[in-house]
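Top line first, the protein sequences correspond to chains A and B. Just add 41 to wherever you are in the first sequence, counting from 1, and you've got my numbering. Just add 41 to wherever you are in the second sequence, counting from 1, and you've got my numbering. Just so you know, even glycine gets a beta-carbon here, dropped at the ideal spot from N, CA and C. A short write-up of the structure that comes next.
2 protein chains.
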Amino acid sequence: MAGTQPKTLVYLVDDDFSVRDSLSLLIESTGQAVRCFESADDFLNNFDPDQAGCLILDVRMPNMTGLELQEELARRDYAIPIIFISGHADVPDSSKAFRAGAVDYMEKPFDSEVLLKRMQEAIQKDLDTRVKLAEKRKLKKRLSTLTPREREVYILIVKGLSNKEVAKQLNISNRTIDVHRSKIMEKMEAEDLSELTVMAMH
Amino acid sequence: MAGTQPKTLVYLVDDDFSVRDSLSLLIESTGQAVRCFESADDFLNNFDPDQAGCLILDVRMPNMTGLELQEELARRDYAIPIIFISGHADVPDSSKAFRAGAVDYMEKPFDSEVLLKRMQEAIQKDLDTRVKLAEKRKLKKRLSTLTPREREVYILIVKGLSNKEVAKQLNISNRTIDVHRSKIMEKMEAEDLSELTVMAMH
DNA sequence: TCAGTATTAGGAATATATAACCATTTGATT
DNA sequence: AATCAAATGGTTATATATTCCTAATACTGA
Numbered sequence: 042m043a044g045t046q047p048k049t050l051v052y053l054v055d056d057d058f059s060v061r062d063s064l065s066l067l068i069e070s071t072g073q074a075v076r077c078f079e080s081a082d083d084f085l086n087n088f089d090p091d092q093a094g095c096l097i098l099d100v101r102m103p104n105m106t107g108l109e110l111q112e113e114l115a116r117r118d119y120a121i122p123i124i125f126i127s128g129h130a131d132v133p134d135s136s137k138a139f140r141a142g143a144v145d146y147m148e149k150p151f152d153s154e155v156l157l158k159r160m161q162e163a164i165q166k167d168l169d170t171r172v173k174l175a176e177k178r179k180l181k182k183r184l185s186t187l188t189p190r191e192r193e194v195y196i197l198i199v200k201g202l203s204n205k206e207v208a209k210q211l212n213i214s215n216r217t218i219d220v221h222r223s224k225i226m227e228k229m230e231a232e233d234l235s236e237l238t239v240m241a242m243h
Numbered sequence: 042m043a044g045t046q047p048k049t050l051v052y053l054v055d056d057d058f059s060v061r062d063s064l065s066l067l068i069e070s071t072g073q074a075v076r077c078f079e080s081a082d083d084f085l086n087n088f089d090p091d092q093a094g095c096l097i098l099d100v101r102m103p104n105m106t107g108l109e110l111q112e113e114l115a116r117r118d119y120a121i122p123i124i125f126i127s128g129h130a131d132v133p134d135s136s137k138a139f140r141a142g143a144v145d146y147m148e149k150p151f152d153s154e155v156l157l158k159r160m161q162e163a164i165q166k167d168l169d170t171r172v173k174l175a176e177k178r179k180l181k182k183r184l185s186t187l188t189p190r191e192r193e194v195y196i197l198i199v200k201g202l203s204n205k206e207v208a209k210q211l212n213i214s215n216r217t218i219d220v221h222r223s224k225i226m227e228k229m230e231a232e233d234l235s236e237l238t239v240m241a242m243h
């Protein structure tokens, strides 16, 4: 089938070939697909933003470091969970990574079991994030189909106002609110007020 | 006035007197109240769980370490934001602290400005958490006043079912649902269905 | 210019929710 | 035994929401 992707993909970025080789073998032994990159730029030019998974990232690399790549991804609003691997103890780097949302920051050599556990955690985190993001986008898309006036009415309705109160607030007739309301329910694909209220909370 | 507390309080736990002395001076210079403890046990025996603020915590201490204190507080469901200060670079400790929710892990000597910034961030985080927690408790308390049957009806109502549908589902008359519904709205202190729905989402 | 959409509004019929009365049954507490 | 809360149900009336019809005005894009 065209466009078929593995369910999840682990990106592994490290300038050291032997690390890429051994880690990719380790990860693939669990049945998890991996794609290796030898530099941050290599990753930036070839990763697929729509692919769910996680990023295992070396801290020290020539040109762009792992932390710089983390910053760049944040600038692009690409929130893939990152597990840092570092050959040298560096508390400030670790703090920076974690404060920017890293899943973990592990020193080499590290326990393979722990890495695989973190990897699973990171992948699950990404899947959860993507589900929520998809929901949000769907709602945003529906919201964008509302006319300006409908949006005004929408806001007042989910605040809990009755049609009558909305009519008074906007100084137009009840009948008009009825029309707006039914259009809103239709466009937002809501069955009832509860659904609409839940949508409005995101 | 009896029971008056400073708005926020910074707990400072470090076995080194000179650190307690200089840091408490630094923090108090910003107008922020501080309370010092020379050990984790000293803190555990004397802190006030109802006091909003944050915890600045030394990692290495005799008896109970900072990380052990963090674990103990987690066991007690006491989620005060923690800023770790450490004299020795230790990436595994840093990772452990962050993964357990620490706000930061700073190496001595550190920039005073950064510490004060983190402190403000941590205090704000605690205030936010406490507001949300208070909301949750309020709703939980109201929920606990519902009878079992009312709770059943409540769940179906916030799912978006109409009274009629709830009646059919529970196989009782519409009238009874009317009664339950009005009791529920009264007990939950909700003005309208929207409010009830919002409450149910927490 | 024509077609479509947005915003406005009325009437009428139906469905649903809310409030104010009522009463019965059951089970627990005093 | 008396009392109370919980759950049940009925009647009546009013308020509100939903759906069906209608149509005027204004603005926008083909």
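>> In whole angstroms, give me the CA-to-CA distance for Met-42/A and Thr-217/A.
In response: Reading the first sequence from its first residue, position 1 is the one you call residue 42/A. Reading the first sequence from its first residue, position 176 is the one you call residue 217/A. At Met-42/A the pLDDT is 49, less than 50, meaning the model places this residue with poor confidence and gives no usable figure here.
>> Quick check on Met-160/A: buried or exposed, where buried means 16 or more other Cβ atoms within 10 Å of its Cβ?
In response: Residue 160/A sits at position 119 when you count from the first residue of the first sequence. Its Cβ being crowded by 16 or more others within 10 Å, Met-160/A is buried.
> Is the beta carbon of Ala-163/A sitting closer than 7 Å to the one on Ile-124/A?
Replying inline: Within the first sequence, residue 163/A is the residue found at index 122, counting from 1. Within the first sequence, residue 124/A is the residue found at index 83, counting from 1. Yes, the pair counts as a contact, with Cβ atoms nearer than the cut-off.
> Mind checking Ser-135/B: buried by the 16 CB within 10 Å criterion, or exposed?
Replying inline: Here residue 135/B refers to the residue found at position 94 of the second sequence. Classification for Ser-135/B: buried.
>> Beta carbons nearer than 8 Å to chain B: which residues of the segment 112-136 of chain A have them?
In response: Ser-127, Ala-130, Asp-131, Val-132, Pro-133, Ser-135, Ser-136
>> Tell me the DSSP secondary structure of Arg-116/B in three-state form.
In response: One-based indexing of the second sequence puts residue 116/B at position 75. Annotated three-state conformation of Arg-116/B is helix, per DSSP.
> Are the segment 174-184 of chain A and the segment 200-217 of chain A in contact at 8 Å, needing three or more beta carbon pairs?
Replying inline: no
>> Spatial neighbours of Lys-158/B within its chain, please: C-beta separation below 6 Å, excluding the five flanking residues on both sides.
In response: To locate residue 158/B, count along the second sequence from 1; it is residue 117. If we look at Lys-158/B and ignore the five residues flanking it on each side, it has no Cβ neighbours.
> Which same chain residues, not among the five before or five after Ala-138/B, have their C-beta less than 7 Å away from its C-beta?
Replying inline: Position 97 of the second sequence, counting from 1, holds the residue named residue 138/B. Only Leu-108, Gln-111, Phe-125, Tyr-146 meet the Cβ criterion.
>> At a CB distance below 8 Å, what residues from the segment 223-238 of chain A approach chain B? Give them in sequence order.
In response: Glu-232, Asp-233, Leu-234, Ser-235, Glu-236, Thr-238
>> Please identify the residue among Val-60/A, Ser-235/A, Glu-230/A whose C-alpha is closest to the C-alpha of Val-199/A.
In response: For the purposes of this step, residue 199/A is identified with residue 158 of the first sequence, where counting begins at 1. The shortest C-alpha separation from Val-199/A is found at Ser-235/A.
> Quick one: is Gly-107/A near chain B, going by C-beta distance under 7 Å?
Replying inline: Translated into positions along the first sequence, residue 107/A becomes position 66. Output row for Gly-107/A: interface = no.
> From His-243/A, Asn-215/A, Val-207/A, pick the residue whose C-alpha is nearest to that of Leu-174/A; which is it?
Replying inline: For the purposes of this step, residue 174/A is taken as the residue at position 133 of the first sequence. Per the Cα distances, His-243/A.
> Excluding sequence positions up to five away, which residues of its chain have a Cβ less than 7 Å from the Cβ of Phe-88/B?
Replying inline: Counted from its first residue, the second sequence places residue 88/B at position 47. Closer than 7 Å at Cβ, skipping near neighbours: Tyr-52.
> For the alpha helix (DSSP H) that contains Phe-84/B, what are its first and last residues?
Replying inline: As a first step, residue 84/B is located in the second sequence; it is residue number 43 there, counting from the start. Segment 81-87, the alpha helix (DSSP H) holding Phe-84/B.
> Whose CA, out of Gln-165/B, Ala-130/B, Asp-167/B, Thr-186/B, lies closest to the CA of Phe-151/B?
Replying inline: Numbered from 1 along the second sequence, position 110 holds the residue referred to as residue 151/B. Comparing Cα-Cα distances from Phe-151/B to each of Gln-165/B, Ala-130/B, Asp-167/B, Thr-186/B, the minimum goes to Ala-130/B.
> What are the start and end residues of the beta strand (DSSP E) that includes Phe-125/B?
Replying inline: Residue mapping note: residue 125/B aligns to position 84 of the second sequence, counting from 1. For Phe-125/B, the enclosing beta strand (DSSP E) covers residues 123-127.
> Rounded to a whole number of angstroms, what is the C-alpha to C-alpha distance between Asp-167/A and Ala-93/A?
Replying inline: Residue 167/A sits at position 126 when you count from the first residue of the first sequence. Residue 93/A sits at position 52 when you count from the first residue of the first sequence. Rounded to whole angstroms, Asp-167/A to Ala-93/A spans 6 Å at the Cα level.
> In or out: Val-155/B buried (at least 16 other Cβ within 10 Å) or exposed?
Replying inline: As a first step, residue 155/B must be located in the second sequence, where it is residue number 114. Exposed, by the Cβ-count rule.
>> What does the Cβ neighbour count give for Asn-65/B, buried or exposed, with the cut at 16 atoms within 10 Å?
In response: Residue numbering aside, residue 65/B sits at position 24 when the second sequence is read from its first letter. Reading the sequence as shown, one finds Ser at residue 65/B and not Asn. It is buried - the Cβ of Ser-65/B has at least 16 other Cβ atoms within 10 Å.
>> Spatial neighbours of Thr-106/A within its chain, please: C-beta separation below 8 Å, excluding the five flanking residues on both sides.
In response: Within the first sequence, numbered from 1, the residue matching residue 106/A stands at position 65. Result list for Thr-106/A: Ala-81, Val-100, in chain order.
> Within the 7 Å Cβ cut-off, does Phe-58/A reach chain B?
Replying inline: Position 17 of the first sequence holds residue 58/A. Under the 7 Å criterion on CB atoms, Phe-58/A is classed as non-interfacial with respect to chain B.
>> Whole angstroms are fine: how far does the CA of Ala-241/B sit from the CA of Met-245/A?
In response: In the structure as shown, chain A begins at 42 and stops at 243. Residue 245/A is therefore absent and cannot be evaluated.
>> Once the 5 residues before and after Glu-230/B are set aside, which same chain residues still bring their CB inside 7 Å of it?
In response: Numbered from 1 along the second sequence, position 189 holds the residue referred to as residue 230/B. Once the five neighbours on either side are set aside, the close Cβ partners of Glu-230/B are Arg-183.
>> List, in chain order, every chain B residue whose beta-carbon is nearer than 8 Å to that of Gly-201/A.
In response: Walking along the first sequence from the start, residue 201/A turns up at place 160. By Cβ distance, chain B contributes Glu-232, Asp-233, Leu-234, Ser-235, Glu-236.
> Under a Cβ-count criterion, where at least 16 other Cβ atoms within 10 Å of its own Cβ denotes burial, should Ala-143/B be classed as buried or exposed?
Replying inline: Translated into the one-based positions of the second sequence, residue 143/B becomes position 102. Ala-143/B should be labelled buried.
> What do you reckon, is the C-beta of Tyr-119/B under 6 Å from a heavy atom of the ligand ATP?
Replying inline: Looking at this structure, you won't find the ligand ATP or any other ligand, since it has none at all.
>> Taking CB distances under 7 Å as the criterion, tell me whether Tyr-146/B reaches chain A.
In response: On the second sequence, residue 146/B is found 105 positions in, with the first residue counted as 1. Closer than 7 Å to some Cβ of chain A, the Cβ of Tyr-146/B qualifies, so yes.
>> Please list, in chain order, the chain B residues whose beta carbon lies closer than 9 Å to that of Arg-140/A.
In response: The residue you call residue 140/A lines up with position 99 of the first sequence. Simply Phe-139, Val-144, Asp-145.
>> Classify Asp-91/A: buried if its beta carbon has 16 or more other beta carbons within 10 angstroms, exposed otherwise.
In response: Position 50 of the first sequence, counted from the first residue, corresponds to residue 91/A. By the 10 Å Cβ count, Asp-91/A comes out exposed.
>> Strictly below 8 Å CB to CB, what residues from chain A border Met-242/B?
In response: Position 201 of the second sequence, counted from the first residue, corresponds to residue 242/B. Listed along the chain, the chain A residues whose CB falls inside 8 Å of the CB of Met-242/B are Val-239, Met-242.
> Given Asp-57/A, which residues of its chain have a CB within under 8 Å of its CB, disregarding the five upstream and five downstream residues?
Replying inline: For the purposes of this step, residue 57/A is taken as residue 16 along the first sequence, with counting starting at 1. Asp-99, listed in sequence order.
> Assuming Ala-141/A and Ala-115/A make a contact with CB atoms under 8 Å, what is their CB distance in whole Å?
Replying inline: Along the first sequence, one-based indexing puts residue 141/A at 100. Along the first sequence, one-based indexing puts residue 115/A at 74. Going by Cβ atoms, the distance from Ala-141/A to Ala-115/A rounds to 7 Å, so yes, they are a contact pair.
> Which partner residues does Met-147/B have in the DSSP bridge list?
Replying inline: As a position in the second sequence, residue 147/B is number 106, starting the count at 1. Answer by DSSP bridge pairing, in chain order: Ile-126/B.
>> With H, G and I counted as helix, E and B as strand and the rest as coil, what does DSSP make of Ala-74/A?
In response: Translated into the one-based positions of the first sequence, residue 74/A becomes position 33. The answer is strand: DSSP assigns Ala-74/A an E or B state.
> In the DSSP assignment, what residue or residues form a beta bridge with Leu-50/A?
Replying inline: Position 9 of the first sequence, counting from 1, holds the residue named residue 50/A. Among the bridge pairs identified by DSSP, Leu-50/A is matched with Ala-74/A, Gly-94/A.
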